[in-house]
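Below is one structure, written out as structure tokens, with a few remarks after it.
Residue numbers (the UniProt record's numbering), protein chains in the order written: chain A, 1 to 339; chain B, 1 to 186.
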């Protein structure tokens, strides 16, 4: 037998494209490699968009709120509400979860586009409806980030989506395909997932927001069959008809309609309560559920236990349905899987 | 003159007064103690909001209350009242303020003329209780914040839903039991 010549083999691969394609296809994909690829695309696109801004224009931002109403001169499409808060007090910077720009709810890290009025939203207002919703949505995204990281490398976790955030259901949700339909987590495993959530919140990572073309979103989610199928639908629903909102937290990239809270540090007590198998059109997914409170909300263990117990029941949120690609009447059908 | 008539002569102080007297020992004796108290009362009338330690504030507060109450009751043509004002207010311009500004302000007041708030301790420090003493109706921004409704805060929303679900479950169980009883009686 002749010794295996590596160089010759590689030359052979280069000349015979179809063979190399099949071989590469069989290579095992891991969550880490996929995450790296996604981050690279995200960074490249962010850089490209930043390079498009050639001349810096100034805008007037009328801030309303404590300690006093004032006018800030900021940079158009560069400065964010977070930057505005940096000019105010540290306490406001720390507690602000969302911003309100011209009456619209706005991410803290979303650049300001025109002259506007600005105020900040936080958890302890009289009616923090939008803040609570954003918190719940962010918790789902964080759960997704944890799921992609927590399992061993051999297991390729494909995240599907999460239903529209509703605090009243008692739990935030992420539906994922673990390729193990009959997995029943032990208490220790759930606790490990909760611990990973805590680690993520302690990392104080910002939720970076980027609006990209559907084509780039397809590139980003090329390795995830569920997300890939959702992209055209989400793009069709967007205002421009062809854009998808990407969010990045640490090494995790996901799409969501937003808005999300400013950074993961807003999460305080958190517990992943249960995992339920759910039936979808073509297969089975696992529904991960948890309950969380913002940082600084102190609830005694008995009361939190009640919330944890309630979060163990299957969440009534919509089960993800894979949309039919050739039907574009999305708004009427209301097939929105990732919100 | 009996007890009831004396009470009519002196207007009642509208804040609680400690039954036990405070010493406020001073190297200059009782005179020094009163001098320091005069400084505090003058400060309060002048600045309308001052921050100081609790014991001195509580003591000076009742002197200020009495001064204003007398001024309202007897006016600026009453000799003993004028003498008292002259004694307690070390800065003489403030006598005009007392009769021309504070008397009209508090003339129809039903409550006390001063207000005391707890203030935060300095850290590190001596941890003596600190307070803010102020005249009501002063021009500064209010110190007591309006209470914000906590009903829609996230933990209350979650707990309220949990309670609702629990009650529904209980009601359903009760209904079942009653249904069973009826079946048994049939």
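Heads up, the beta-carbon is just placed ideally off N, CA and C, and yes, glycines get one too.
Neighbours of residue 173 (chain B) across chain A, judged by C-beta separation under 7 Å, do not exist; the nearest C-beta is about 16 Å away. Take residue 147 (chain A), set aside five residues on each side of it, and the residues of its chain with a beta-carbon closer than 6 Å to its own are 157, 176, in chain order. The beta carbon of residue 145 (chain B) does not come within 8 Å of any beta carbon belonging to chain A, so the residue lies off that interface. Straight-line measurement puts the Cα of residue 195 (chain A) at about 24 Å from the Cα of residue 168 (chain A). Within the DSSP bridge table, the entry for residue 134 (chain B) names B:49, B:115 as partners. Per DSSP, the unbroken alpha helix (DSSP H) holding residue 214 (chain A) starts and ends at 214-220.
Excluding the 5 residues flanking it on each side, residue 76 (chain A) has same chain C-beta neighbours closer than 6 Å at 57, 59, in chain order. When 7 Å is used as the limit between beta carbons, residue 127 (chain A) is near these residues of chain B: 152, in chain order.
A direct Cα-Cα distance of roughly 47 Å separates residue 199 (chain A) from residue 49 (chain B). Contact with chain B is found for residue 294 (chain A), since one of that chain's Cβ atoms lies less than 8 Å from the residue's Cβ. By the 16-neighbour rule on beta-carbons within 10 angstroms, residue 285 (chain A) is buried. The alpha-carbon separation between residue 38 (chain A) and residue 143 (chain A) amounts to approximately 18 Å.
Cβ atoms of residue 157 (chain B) and residue 143 (chain B) stay farther apart than 8 Å, at about 30 Å. Taking 8 Å as the cut-off between beta carbons, the residues of the segment 155-174 of chain B near chain A are 155, 157, 158, 159, 161, 162, 165, in sequence order. If you check each beta-carbon in the segment 164-183 of chain A against every beta-carbon of chain B, the ones closer than 7 Å belong to 167, 168, 170.
Exposed is the label assigned to residue 298 (chain A), since fewer than 16 other Cβ atoms lie within 10 Å of its Cβ. Between residue 81 (chain A) and residue 101 (chain A), the CB-CB gap stays under 8 Å. From the beta-carbon of residue 303 (chain A), the residues of chain B found nearer than 7 Å are 159. About 7 Å separates the CB atoms of residue 166 (chain A) and residue 317 (chain A); that is less than 8 Å, so the two are in contact. Looking at the DSSP output, residue 176 (chain A) sits in a beta bridge with A:159, A:286.
The beta-carbon of residue 137 (chain A) is placed no less than 8 Å from the nearest beta-carbon of chain B. Chain order gives no chain B residues near residue 92 (chain A), where near means a beta carbon separation below 7 Å; the closest approach is about 16 Å. In this structure, A:135 is the residue among A:96, A:50, A:135, A:47 with its C-alpha nearest to the C-alpha of residue 260 (chain A). The Cβ atoms of residue 206 (chain A) and residue 109 (chain A) sit closer than 8 Å to each other. Taking the CA atoms as reference points, residue 140 (chain A) sits about 48 Å from residue 139 (chain B).
By alpha-carbon distance to residue 149 (chain A), the top candidate from A:246, A:253, A:44 is A:253. Residue range 98-101 is occupied by the beta strand (DSSP E) that includes residue 100 (chain A), with no alpha helix (DSSP H) assigned at that position. Residue environment: residue 106 (chain A) is assigned as buried (16 or more neighbouring CB atoms within 10 Å of its CB, all protein chains considered).
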